[in-house]
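Below you'll find the structure, written out as structure tokens, and then a few comments.
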Amino acid sequence: MSRSLLASWCIRGGASRAHLMVQRSARAALGAPRMLSSMSRASLRPGVSALRVNPYAVTAMQKRTLFIQTQDTPNPDSLKFYPGQNIMESGQTYFFNERKDSVNSPLAMSLFMVEGVKNVMFADEFLTVSKAPEYSWNEVKPEVFAAIMDFCASGVPVFKDGVDISGSAAEDDDEIVIMIKELLDTRIRPVIQEDGGDISFGHMENGIVYLKLHGACGSCASSTATLKGGVENMLMHYIPEVEGVEQIFEEHEIQSTEAFEKLERELLQKQLSR
Numbered sequence: 001m002s003r004s005l006l007a008s009w010c011i012r013g014g015a016s017r018a019h020l021m022v023q024r025s026a027r028a029a030l031g032a033p034r035m036l037s038s039m040s041r042a043s044l045r046p047g048v049s050a051l052r053v054n055p056y057a058v059t060a061m062q063k064r065t066l067f068i069q070t071q072d073t074p075n076p077d078s079l080k081f082y083p084g085q086n087i088m089e090s091g092q093t094y095f096f097n098e099r100k101d102s103v104n105s106p107l108a109m110s111l112f113m114v115e116g117v118k119n120v121m122f123a124d125e126f127l128t129v130s131k132a133p134e135y136s137w138n139e140v141k142p143e144v145f146a147a148i149m150d151f152c153a154s155g156v157p158v159f160k161d162g163v164d165i166s167g168s169a170a171e172d173d174d175e176i177v178i179m180i181k182e183l184l185d186t187r188i189r190p191v192i193q194e195d196g197g198d199i200s201f202g203h204m205e206n207g208i209v210y211l212k213l214h215g216a217c218g219s220c221a222s223s224t225a226t227l228k229g230g231v232e233n234m235l236m237h238y239i240p241e242v243e244g245v246e247q248i249f250e251e252h253e254i255q256s257t258e259a260f261e262k263l264e265r266e267l268l269q270k271q272l273s274r
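In the UniProt record's numbering, the protein residues as written are 1 to 274.
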């Protein structure tokens, strides 16, 4: 390389470095917010999307950036939201089947204020939001993001004081019920929670165990297969006293199912009459 070319390269390089230093100084002087960069794409869960949020858009006092991730579930009307902080203790869940159930949780109340939200489930690292079928996620998801961000910025507890969220076995549970609940907690619930749902014990009568599905699994088309093909087989294998499993439905779920079946029959009759 000739001296003239070398001198020209050094001048350009020096100018570029000086320009870069000026840019960095200007950013520092203006206090320009930086987006979260410590979390790489590789750290995201499989099938997870994320929303990066400027911390100044939430509150000037909050110094860290909220990094909210979402994950699909087998139920197209349910999504898992990961707010980047624990909501419940490890292994715990809490269910809100409708708006009136949310009075003891400011976070749940905020989520039910979003038009289209049908029910909500809290878990340790995530919460599952289920929407009504007539709404699209393009409508609901941004409002859910906003509700979660506002709550995280507020510093308000997830539950009001005095709310029992333990879900532990009752003192009057007999030995068989205790075994059923333990098997649900250790072998069955962790698998169902991976899909954004959960399962809880209702009661046992004449050898039949009545269980309630929550979250993404509550209104999923494959819920019956989940109970009969997986849960029932496992309970009957480990606990001989169990003769079968049935699902517990809420009144509004029964009405929705009946309305759907009626619509299916009407459509079928129209097709046959053509």
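Think of the CB as a built atom: it goes at the ideal place given N, C-alpha and C, for glycine as much as any other residue.
For residue i, name the three-state secondary structure that DSSP assigns.
i	result
K141	helix
D72	strand
T226	helix
T128	strand
V163	coil
E175	helix
D198	strand
G155	coil
F95	strand
L183	helix
M88	coil
Taking 6 angstroms as the limit between beta carbons, can you name the residues of its chain near residue i, skipping five residues before and five after?
i	result
S110	A147, F151
L227	V245, Q247
E143	V114
F112	R99, S102
I176	E241
F122	I87, M88, Y94
G155	none
G207	E243
Please work out which residues of its chain come closer than 7 angstroms, Cβ to Cβ, to residue i, disregarding the five sequence neighbours upstream and downstream, and give them in chain order.
i	result
A108	F96, S102, V120
S90	D124
F159	N104, S105, I165
V209	I180, L235, V242, V245
N86	D124, E125
L127	F81, I87, V120, M121
P133	D77
Taking 8 angstroms as the limit between beta carbons, can you name the residues of its chain near residue i, skipping five residues before and five after?
i	result
L238	According to the sequence provided, residue 238 is Tyr. The question's Leu does not apply to it. These residues qualify, in order along the chain: M179, L183.
V140	V114, E115, G116, V117, V129, K131
I199	L184, I188, R189, I192, L211, K212, L213, H214, C217, V231
E135	This sequence places Tyr at residue 135; Glu is not what is there. Same-chain partners within the cutoff: E115, G116.
For the alpha helix (DSSP H) holding residue i, just list the boundary residues, first then last.
i	result
Q247	Q247 -> not in any alpha helix (DSSP H); beta strand (DSSP E) instead, spanning 244 to 247.
Q109	Sequence inspection shows Met at residue 109; the Gln mentioned does not correspond to that position. 106 to 112 is the extent of the alpha helix (DSSP H) around M109.
Taking buried to mean at least 16 other C-beta atoms within 10 Å of its own C-beta, is residue i buried or exposed?
i	result
R189	buried
G197	buried
S100	Per the sequence shown, residue 100 should be read as Lys rather than Ser. Exposed is the call here.
H203	exposed
I248	exposed
N75	buried
F201	buried
E232	buried
S78	buried
T70	buried
A29	Because A29 sits at a pLDDT of 39, beneath the cut-off of 50, its placement in the model cannot be relied upon, and the following sentence gives the value as read from the coordinates. It is exposed - the Cβ of A29 has fewer than 16 other Cβ atoms within 10 Å.
T65	Confidence at T65 is low in this model, with a pLDDT of 40, below 50, so the placement of that residue is unreliable and no value is reported for it.
Grab the span of the beta strand (DSSP E) containing residue i for me, first residue to last.
i	result
M121	117 to 122
K80	78 to 82
M234	Segment 232 to 238 is the alpha helix (DSSP H) holding M234; no beta strand (DSSP E) there.
V209	208 to 215
Taking 7 angstroms as the cut-off, is the C-beta of residue i nearer than that to any heavy atom in the ligand ZN?
i	result
I178	By its list of ligands, the structure shown contains no ligand whatsoever, and the ligand ZN lies outside what it can speak to.
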